[in-house]
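Visitor: So the sequence shown is numbered by numbering that gives the first Met the number 0: it starts at 0 and just counts up by one. Quick one: structure below, then a few questions.
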Amino acid sequence: MKKAKFGVAVLLAFAIVLGFAFETKADSPLTFSGLLRLRGFVLEGFPPFSPLAGAEDVGDGYFVTRFRLNVVFKPTDFLEVRWRLHAPGAARWGAGNWSAATMYAYGVVKTTAGTVSAGRVSSDIDSAGFQTLGYNPGWGFNAQAYVFDVDSERDGVMYRNTWDNGFGLKAFYVKRASELPPTKDGDYDRFSIEPYYKWDGGGVSFAVQYDRDQTGGVEQNYLISVNPSLVLSWATGENSSLSVNAEAKYSFGKYRATPGAVEQDQVGAGLYADLTYGYGTGNVSVAGWWFEGGSHDERSPAGAGAKLHGRVNGGEGFYPLMIYYYGNSFVQGSSDLAFGGFEQPNHWGIAL
0 MKKAKFGVAV LLAFAIVLGF AFETKADSPL TFSGLLRLRG FVLEGFPPFS PLAGAEDVGD
60 GYFVTRFRLN VVFKPTDFLE VRWRLHAPGA ARWGAGNWSA ATMYAYGVVK TTAGTVSAGR
120 VSSDIDSAGF QTLGYNPGWG FNAQAYVFDV DSERDGVMYR NTWDNGFGLK AFYVKRASEL
180 PPTKDGDYDR FSIEPYYKWD GGGVSFAVQY DRDQTGGVEQ NYLISVNPSL VLSWATGENS
240 SLSVNAEAKY SFGKYRATPG AVEQDQVGAG LYADLTYGYG TGNVSVAGWW FEGGSHDERS
300 PAGAGAKLHG RVNGGEGFYP LMIYYYGNSF VQGSSDLAFG GFEQPNHWGI AL
């Protein structure tokens, strides 16, 4: 009965979205948008459907539903409130996981000195580099994050402003995790400042981030990261262009696995670059990436005092190959095949 009632509520909300899309006036302070997406999958012979050597190929076919409702309340030109309902989040038919959740809810104040956003801010609050410069490599058909970035919303505060001369500044603070008492100050905080410069046909940025992790009762784990990026494009014809896009990240800091454990150094590095040719109705890209690291289990190094590598990876939403890397859903439970950017920092690749 509860599932039926919730299903009716979702359909009613979807009807409301359509109704406001047609009836809401242009000067209304409320704006509604949303989507209802149905997708079908037919899988044959993919892990984990054939997990054992010599096992017969096993397939599966199913449908997935996703519903989103976006609401923007803008009473004045300098004040906005944004909210997104996510229900369900890619629910498989018959699985009974039709859960509803607020993806983000935050306020925006716009002034001549810049824009300030506060609350559970949308995913761009915890991003740098390509996202700041407005370039999306476009990898994957479900990825929502950029290279090195996080595919989720965070509680925090963000400031951003771009001046008339092309210079800009993006700065934010986010609470990445928070533990309840009796853990004292059991929080994971990130601070970021990113100056950038944009011009017609390109841009550069240089982000500096400080991660302070005290979850698990550890007094002080920290990571300092530098994250430069470059976007450069020029015309090669009336309807064609060539662009070079690159982003790198280097991190270093200290780490303790448990309170009182030996403090260890941690370090990581990563690089992404692509060469893209645009021909008016589409484009062709050759991309390469490299993430340096150590063992797969970074939190269990061989020997106390060893330097922890692999502190930089592609980010939660980095799936360079459209099918094989799709959310790791084809390779779940098989760590030697889980090459998603967030799952495995120690790899390199080339994609066309």
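Backbone N, C-alpha and C fix where the C-beta goes; we use that ideal spot for every residue, glycine too.
1) Rounded to whole angstroms, what's the CA-CA distance from residue 49 to residue 117? Just pull it up for me.
2) By alpha-carbon positions, which one of 205, 190, 64 and 78 ends up nearest to residue 98?
3) Between residue 113 and the rest of its own chain, which residues show a CB-CB distance below 8 Å, the 5 nearest in sequence each way excluded?
4) What number of angstroms, rounded off, separates the C-alpha of residue 242 from the C-alpha of residue 278?
5) Excluding the 5 residues flanking residue 127 on each side, which residues of the same chain have their C-beta closer than 8 Å to its C-beta?
6) Would residue 273 and residue 87 be called neighbours here (beta carbons separated by less than 9 Å)?
7) Do you know whose CA, among 80, 69, 195 and 67, lies nearest residue 165's CA?
8) Measure the beta-carbon distance from residue 211 to residue 154 and round it to whole angstroms, keeping in mind my assumption that it falls under 8 Å.
9) For the beta strand (DSSP E) that contains residue 251, what are its first and last residues?
10) Start and end of the alpha helix (DSSP H) containing residue 132?
11) Between the Cα of residue 110 and the Cα atoms of 77, 92, 82 and 102, which residue gives the shortest distance?
12) Of all the options 60, 215 and 238, which has the alpha carbon lying nearest to the alpha carbon of residue 41?
13) Just verifying my parser: in three-state terms, what is the DSSP assignment at residue 125?
14) In three-state terms, what does DSSP make of residue 235?
15) Do residue 33 and residue 81 have their C-beta atoms closer together than 9 Å?
Guide: From the atom records:
1) Low per-residue confidence applies at residue 49: pLDDT is 45, beneath 50, and the placement is therefore not dependable, though the value from the model is reported in the following sentence. Distance between the alpha carbons of residue 49 and residue 117: 47 Å.
2) 64
3) 158, 159, 160 and 168
4) 12 Å
5) 147, 148, 169, 191, 193, 204, 206, 208, 226 and 228
6) Between residue 273 and residue 87, the C-beta spacing is not below 9 Å.
7) 195
8) Contact flag wrong, Cβ pair sits at about 15 Å.
9) 239-254
10) 129-132
11) 77
12) 60
13) helix
14) strand
15) no
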